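Heads up, the sequence shown is in the working numbering, so the first residue is 90 and it goes up one at a time.
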Amino acid sequence: MEIIASPAAMQRWSENARRRGETIAFVPTMGFLHEGHLTLMREGRKRATRLASSLFVNPTQFGPNEDFSRYPRNFEGDCELMRTVPVDVLFAPEPDVMFPAGSQTWVEATEVTTGLCGDRRPGHFRGVTTVVAKLFNIVKPHLALFGEKDFQQLRAIQRMVADLNFDLEIVPVATVREADGLAMSSRNAYLTPEERQRALALSRALRAAGECMKRGARIPAQLAGAAQAVLERTPGVEIEYVEAVDAETLRPIDQLDRAVVVAIAARVGKTRLIDNAVLTPASESEKLSLSKESAG
Ligand code: PAF
Numbered sequence: 090m091e092i093i094a095s096p097a098a099m100q101r102w103s104e105n106a107r108r109r110g111e112t113i114a115f116v117p118t119m120g121f122l123h124e125g126h127l128t129l130m131r132e133g134r135k136r137a138t139r140l141a142s143s144l145f146v147n148p149t150q151f152g153p154n155e156d157f158s159r160y161p162r163n164f165e166g167d168c169e170l171m172r173t174v175p176v177d178v179l180f181a182p183e184p185d186v187m188f189p190a191g192s193q194t195w196v197e198a199t200e201v202t203t204g205l206c207g208d209r210r211p212g213h214f215r216g217v218t219t220v221v222a223k224l225f226n227i228v229k230p231h232l233a234l235f236g237e238k239d240f241q242q243l244r245a246i247q248r249m250v251a252d253l254n255f256d257l258e259i260v261p262v263a264t265v266r267e268a269d270g271l272a273m274s275s276r277n278a279y280l281t282p283e284e285r286q287r288a289l290a291l292s293r294a295l296r297a298a299g300e301c302m303k304r305g306a307r308i309p310a311q312l313a314g315a316a317q318a319v320l321e322r323t324p325g326v327e328i329e330y331v332e333a334v335d336a337e338t339l340r341p342i343d344q345l346d347r348a349v350v351v352a353i354a355a356r357v358g359k360t361r362l363i364d365n366a367v368l369t370p371a372s373e374s375e376k377l378s379l380s381k382e383s384a385g
């Protein structure tokens, strides 16, 4: 695996690969890799002839009281894992190379980052879209893969790519979970064994919302209510938000007449965790056959 720290050298690598007719898949990361990242990378490996990744803990997406300085880091371990995929090239720049003194240009998707995490982490998505736009210009991929675990991030990046005519495809990849349902996240490393048990309430809450949908819920608030009830029953889980919103626009809706995303943010101890599930209401014909099944 080639490791490149300079944007100009990375651009040259990609231009040469493109000139040879190669296709480039790209998985941006902040490191401390887990199976979720590796799943994105393996998927990228299948879809293109070259696989690029980046490792950069982006200071601009952390708020002043967030965990930037203590965000888990393990550069050597991450390189080892990337080599198993294998990743062809890793772009790993220093912060002052990505954001030199005098940087003042931001990229922001506005509406889709209003609500949910956007309201609780001011400036976070602006930091994400700015660094991802820069990474796209540096790595020049044909496609880039993002996990659905960070659902609002995924929607913000899709919006940015459409609005700014980036010439690449965004490939969403389903959330990877531990056997017991916990969504994989680098921040799970902060959890004590006891907190990790409590954190299972998030995936349980999403399953409860799914059950509520199957039982014929009519409005998104019923789904959010079912999830919230599970979280409230779990001691040591502090809810930040539980919402069911339009899965495309992330805006609130009144009726369950399209796909919704049930999104949760909660603190377990000092650790902020997020999880979500996209739920699609059964069509009228499916509802009919379900009611026939239950009648028969
Ligand atoms: O999802 C992440 O790890 C980060 O937000 C990303 C996309 C690498 C941008 O820093």
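Cβ coordinates follow ideal geometry from the N, Cα and C atoms, glycine included.
All figures in this text were calculated on a predicted structure; none of them were measured in a lab.
As assigned by DSSP and simplified to three states, the class of residue i
i	result
Asn154	coil
Thr112	coil
Phe240	helix
Asp388	Here the chain covers residues 90 to 385 and nothing more, so residue 388 does not appear.
Ile93	strand
Gly385	Any reading at Gly385 must be qualified, since the residue scores a pLDDT of 47, below 50, and its modelled position is unreliable; the value itself is stated next. It is coil, neither helix nor strand.
Arg71	Outside the modelled stretch of the chain, which goes from 90 to 385, sits residue 71, for which no answer is possible.
Leu129	helix
Glu258	strand
Ala298	helix
Leu232	strand
Arg101	helix
Val265	coil
Pro161	coil
Val196	coil
Val349	strand
Pro148	helix
Ala245	helix
Ala306	coil
Ala272	strand
Cα-Cα separation between residue i and residue j, rounded to whole angstroms
i	j	result
Ala306	Thr199	30 Å
Glu267	Gly191	43 Å
Ala106	Gln247	25 Å
Ile227	Pro96	6 Å
Glu91	Val176	9 Å
Leu170	Leu122	8 Å
Pro370	Leu345	7 Å
Gly270	Arg293	8 Å
Arg304	Arg322	21 Å
Ala94	Pro324	45 Å
Ile353	Phe255	30 Å
Arg131	Arg340	33 Å
Asp69	Met187	In the structure as shown, the chain starts at 90 and stops at 385, and residue 69 therefore has no counterpart that could be examined.
Ser274	Gly110	35 Å
Val221	Thr338	20 Å
Ala233	Thr118	11 Å
Val174	Arg136	13 Å
Glu300	Ala278	30 Å
Ile342	Arg162	39 Å
Val253	Glu197	One detail in the question is off: residue 253 reads as Leu in this sequence, not Val. Using only the alpha carbons, I get a separation of about 11 Å.
Ile328	Leu320	7 Å
Asp185	Tyr330	35 Å
Ala348	Ala336	6 Å
Cβ-based neighbour list, residue i, same chain, cut-off 8 Å, excluding 5 preceding and 5 following
i	result
Leu280	Ala288, Val357, Gly358, Thr360
Arg210	Gly152, Glu155
Ala298	Leu312, Ala313, Ala315, Ala316, Ala333, Val351, Ala366, Leu368
Leu243	Phe235, Gly236, Glu237, Ile259, Pro261
Thr194	Thr219
Leu295	Ala316, Val351, Ile353, Asp364, Asn365, Ala366
Glu124	Val265, Met273
Leu129	Val116, Leu234, Phe235, Gly236, Val262
First and last residue of the uninterrupted alpha helix (DSSP H) at residue i
i	result
Ala278	Element bounds for Ala278: n/a, residue is neither H nor E.
Ile390	Absent from the structure is residue 390, since the part of the chain shown begins at 90 and ends at 385.
Contacting residues, own chain, Cβ-Cβ under 7 Å from residue i (five flanking each side not counted)
i	result
Gly385	Its pLDDT being 47, under 50, Gly385 is placed unreliably in this model, and the value from its coordinates should be taken loosely. Around Gly385: no qualifying Cβ.
Phe180	Ile93, Met99, Ala141, Ser143, Ile227, Val228
Phe240	Val350, Ala352, Asn365
Thr138	Glu111, Thr112
Asn147	Met119, Gly216, Val220
Same chain only: Cβ atoms within 6 Å of residue i, ignoring 5 sequence neighbours per side
i	result
Ala141	Ile113, Phe115, Val178, Val228
Lys238	Thr264, Ala272
Gln150	His213, Gly216, Val217
Val201	Arg244, Ala245, Arg248, Leu339
Tyr160	Val146
Phe225	Phe255
Boundaries (first-last residue) of the beta strand (DSSP E) holding residue i
i	result
Thr360	360-368
Ala181	Note, Ala181: premise wrong, no beta strand (DSSP E); not H, not E.
Phe121	Segment: none, Phe121 is in no beta strand (DSSP E) and carries neither H nor E.
Val201	Taken as a continuous stretch (DSSP letters only), Val201 belongs to no beta strand (DSSP E), as it is neither H nor E.
Asp335	326-335
Val319	Counting along the chain, Val319 falls outside any beta strand (DSSP E), though it belongs to the alpha helix (DSSP H) covering 309-321.
Leu170	Segment 164-173 is the alpha helix (DSSP H) holding Leu170; no beta strand (DSSP E) there.
Ser143	139-144
Beta carbon proximity, residue i to chain D, threshold 8 Å
i	result
Ile92	Judged by its chain identifiers, the structure shown contains no chain D, having just a single protein chain.
(request) Go through the residues and name those whose CB comes closer than 6 Å to any heavy atom of the ligand PAF, in chain order. (result) Pro117, Thr118, Met119, Asn147, Gln150, Val217, Val220, Val221, Asp239, Gln242
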